[in-house]
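Undergrad: Keeping their order, the protein sequence lines are chains Z and G.
Here the first sequence is numbered in my numbering, starting from 1 and rising by one per residue.
Here the second sequence is numbered in my numbering, starting from 1001 and rising by one per residue.
By construction, the Cβ of each residue, glycine as well, lies at the ideal position given by its N, Cα and C atoms.
As the structure is a computational prediction, the values presented were derived from the model and not from experiment.
2 protein chains.
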Amino acid sequence: MSTQDCVLVVEDDPDVRRSARVALAYDTARVEMLESLEGLEPALAATAFDVVLLDMNFVIAERSGSAGLNGMARVRAFDPTLTVVLMTAYGGVTLAVEALKQGAVDFILKPWRNEKLVAAVSAAAQITRTRRSAETLQLDAVEKSAIERALTRHHGNISSAAGALGISRAALYRRMSKYGL
Amino acid sequence: MSTQDCVLVVEDDPDVRRSARVALAYDTARVEMLESLEGLEPALAATAFDVVLLDMNFVIAERSGSAGLNGMARVRAFDPTLTVVLMTAYGGVTLAVEALKQGAVDFILKPWRNEKLVAAVSAAAQITRTRRSAETLQLDAVEKSAIERALTRHHGNISSAAGALGISRAALYRRMSKYGL
DNA sequence: GATATCCTGTCCGAATCTGAACACTTGGCT
DNA sequence: AGCCAAGTGTTCAGATTCGGACAGGATATC
Chain Z
1 MSTQDCVLVV EDDPDVRRSA RVALAYDTAR VEMLESLEGL EPALAATAFD VVLLDMNFVI
61 AERSGSAGLN GMARVRAFDP TLTVVLMTAY GGVTLAVEAL KQGAVDFILK PWRNEKLVAA
121 VSAAAQITRT RRSAETLQLD AVEKSAIERA LTRHHGNISS AAGALGISRA ALYRRMSKYG
181 L
Chain G
1001 MSTQDCVLVV EDDPDVRRSA RVALAYDTAR VEMLESLEGL EPALAATAFD VVLLDMNFVI
1061 AERSGSAGLN GMARVRAFDP TLTVVLMTAY GGVTLAVEAL KQGAVDFILK PWRNEKLVAA
1121 VSAAAQITRT RRSAETLQLD AVEKSAIERA LTRHHGNISS AAGALGISRA ALYRRMSKYG
1181 L
């Protein structure tokens, strides 16, 4: 799909880094690498990334994945719209579930199939873009979508939707015609 | 925490059903059971559930979990605010990831520890409640929170926040004082 | 069929909101 | 200092929106 994504890969194993670079080369505008979580924030500040691909296990002995979860928390603190894809070689179901519940948009197992990695990264970048465009909504658009939701939820009943929205029926009419609903 | 949750359990194995009933008995207001996905919608319509606990593998031979994913889709179609917790005995990481990406709020492995099941169900019910209260927001409140987000994102710069919201600076001032910001 | 209830769509004077304009403060730059 | 760009807070005539009221349609109940 898109060749315009900027990806940050955080991974300690040089072989994996190289392999990720190769896999992502054809489909991304730019791939930056980091060997560890050190210097994560400056890297995020330096480039406008669309996805962070994050290893969960920097220390071989430490297979709990807490390093990855911690890194993800730091990414989210820096920019809540930026999506994180986690990767691990040792993942169990419990860890995967925990990671997604904490906000990762995908979780992939090493070794990966290149095609799958590319698809995951590309989908995650798309989610980032959606989040960012949702953040930029004008007040009008926020109001419009709130009204649409209320109307849907009340099955088109204008009176009860107006009541739920806390405005008069006449006011809801005006807004509906304003937004073409 | 709460003893007021209503849970729907969809599970074909009678032993598992019984064991779920026992585990949930102390902490929930009401537990209903269904042996299969047949009659799902009527059951959802009859009671106002807070969580659906859904087995992924009704057919032994069928371990892909598609029955569970399908059931979850039906629950979400019926009520998008109602959370689903999936459970399985055969789950791999890939299936768990797929389930959460499709909107399950948790994914637990059989056999479970009762304590963990209760915690998962209770947390899911809390998420349902949060979603439902977010849906009921008055238009004023929607506007207020959109303004708060815009102000935060623009680091308190009123001019640029107003620009992003598509209103004049004066209008943003008025609203800020209206909402006490 | 008559009655009641709920919803719809529209009207209008009063209340509210609008944004350009103005005066002022702050911070950077030569 | 002097200058410039950008932000702040407020004012006011004019535009817009407010919601109660009204008439009509649809559906249910007796």
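Going by CA-CA distance only, name the one from Z/TYR26, Z/ARG76, Z/VAL142 and Z/SER64 that's closest to Z/ALA89.
TA: Z/SER64
Undergrad: Using the beta-carbon of each residue, which ones in chain Z are nearer than 8 Å to G/ARG1153?
TA: GLU135
Undergrad: If you draw a straight line from the C-alpha of G/MET1072 to the C-alpha of G/LEU1100, how long is it?
TA: One C-alpha to the other measures close to 11 Å.
Undergrad: For G/GLY1166, collect the residues of the same chain with a Cβ closer than 8 Å to its Cβ; drop the 5 residues on either side in sequence, then sort them by chain order.
TA: If we look at G/GLY1166 and ignore the five residues flanking it on each side, it has no Cβ neighbours.
Undergrad: Here's a check: name, in chain order, each residue in its chain whose Cβ is nearer than 8 Å to the Cβ of G/GLY1103, leaving out the five neighbours to either side.
TA: MET1072, ARG1076 and VAL1084
Undergrad: May I ask which residues mark the beginning and end of the beta strand (DSSP E) holding G/GLU1032?
TA: 1028 to 1034 is the span of the beta strand (DSSP E), which, as asked, contains G/GLU1032.
Undergrad: Which complete beta strand (DSSP E) runs does the region 1037 to 1077 of chain G hold, if anything under 3 residues is left out?
TA: 1051 to 1055
Undergrad: What does the alpha-carbon distance come out to for the pair G/GLN1126 and Z/ALA25?
TA: 43 Å
Undergrad: Does Z/ASP106 come out as helix, strand or coil in the three-state DSSP assignment?
TA: strand
Undergrad: Which two residues bound the contiguous alpha helix (DSSP H) that contains Z/ASP15?
TA: 14 to 25
Undergrad: Which class does G/LEU1086 belong to by DSSP, given the choice of helix, strand or coil?
TA: Strand.
Undergrad: Do G/THR1081 and G/THR1128 have their C-beta atoms closer together than 8 Å?
TA: Yes, these two residues count as a Cβ contact at 8 Å.
Undergrad: Measuring straight from C-alpha to C-alpha, what distance separates G/GLU1098 and Z/VAL52?
TA: In this model, G/GLU1098 and Z/VAL52 are separated by some 19 Å (Cα to Cα).
Undergrad: Note down the Cα distance separating G/LEU1095 from Z/MET176, rounded to an integer number of angstroms.
TA: 43 Å
Undergrad: Is it right to say G/ASP1050 is buried, meaning 16 or more other beta carbons lie within 10 angstroms of its own, or is it exposed?
TA: buried
Undergrad: Skipping 5 residues on each side, what residues in its chain have a beta carbon closer than 7 Å to that of G/ALA1029?
TA: THR1003, GLN1004, ASP1005 and CYS1006
Undergrad: Mind checking if Z/GLU143 is an interface residue toward chain G, Cβ cutoff 8 Å exclusive?
TA: For Z/GLU143, the nearest CB of chain G lies under 8 Å from its own CB, placing it at the interface with that chain.
Undergrad: Given that Z/LEU139 touches chain G, what residues does it touch there, using C-beta distances under 7 Å?
TA: GLU1143, ALA1146, LEU1165, GLY1166 and ILE1167
Undergrad: If contacts are defined as beta-carbon pairs under 8 Å, then Z/GLU41 and Z/ARG74 qualify, I think. What distance do you get, rounded to the angstrom?
TA: 7 Å
Undergrad: Z/PHE107 CB to nearest chain G CB: under 8 Å?
TA: yes
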